[in-house]
Amino acid sequence: MEAVFVSALPNNDLRRGGTYLEVVRREGASWVRIADDGDWATSFRWQRQGRAGSHVSIRWDVPGDTTPGQYRIVHHGTARDRNGMLTAFSATTREFTVV
Numbered sequence: 001m002e003a004v005f006v007s008a009l010p011n012n013d014l015r016r017g018g019t020y021l022e023v024v025r026r027e028g029a030s031w032v033r034i035a036d037d038g039d040w041a042t043s044f045r046w047q048r049q050g051r052a053g054s055h056v057s058i059r060w061d062v063p064g065d066t067t068p069g070q071y072r073i074v075h076h077g078t079a080r081d082r083n084g085m086l087t088a089f090s091a092t093t094r095e096f097t098v099v
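For the sequence shown, position 98 matches number 98 in full-length UniProt numbering, and the numbering has no gaps at all.
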């Protein structure tokens, strides 16, 4: 599974103690993290677009023993405006099914 997000330079916040991405599974009314950027099955690639834009590609190679269900990929980042102010953001894919 691969998702592409409009994003910001990852160096704006190195997310120490956090993550740039999560793979989450629906469990009842909640979403539970099952993988993040420290997982071997995930990859995160940033690319600049033009002078001020960028995007990230997040890939999750679904392990064969993954529990069937509804999943989403979540991207966390931090944007920097012209004045140097930082603003955290998150973006989420639509649900997808793993069978």
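In this text, a Cβ means the ideal position worked out from N, Cα and C, and glycines have one as well.
Taking C-beta to C-beta, are residue i and residue j nearer than 8 Å?
{"i": "residue 4", "j": "residue 76", "result": "no"}
{"i": "residue 78", "j": "residue 13", "result": "yes"}
{"i": "residue 34", "j": "residue 26", "result": "no"}
Could you name the residues of the same chain whose beta carbon sits closer than 6 Å to that of residue i, not counting the 5 residues immediately before and after it, in chain order?
{"i": "residue 43", "result": "59"}
{"i": "residue 95", "result": "70 and 72"}
{"i": "residue 61", "result": "41"}
{"i": "residue 19", "result": "36 and 37"}
I'd like the span of the beta strand (DSSP E) that includes residue i, first residue to last.
{"i": "residue 66", "result": "Counting along the chain, residue 66 falls outside any beta strand (DSSP E), and DSSP gives it neither H nor E."}
{"i": "residue 46", "result": "42-49"}
{"i": "residue 95", "result": "Looking at the DSSP string, residue 95 is not in any beta strand (DSSP E), and its letter there is neither H nor E."}
{"i": "residue 21", "result": "21-27"}
{"i": "residue 53", "result": "53-60"}
{"i": "residue 36", "result": "30-36"}
Residues in its own chain within less than 7 Å of residue i by CB, not counting five upstream and five downstream?
{"i": "residue 45", "result": "56 and 57"}
{"i": "residue 47", "result": "54 and 55"}
Since I believe residue j is in contact with residue i (beta carbons under 8 Å), could you give me their beta-carbon distance rounded to a whole number of angstroms?
{"i": "residue 74", "j": "residue 9", "result": "Actually they are not in contact, since the Cβ atoms of residue 74 and residue 9 sit about 19 Å apart, beyond 8 Å."}
Among residues of its own chain, excluding the 5 on either side of residue i, which ones have a beta-carbon nearer than 8 Å to its beta-carbon?
{"i": "residue 49", "result": "55"}
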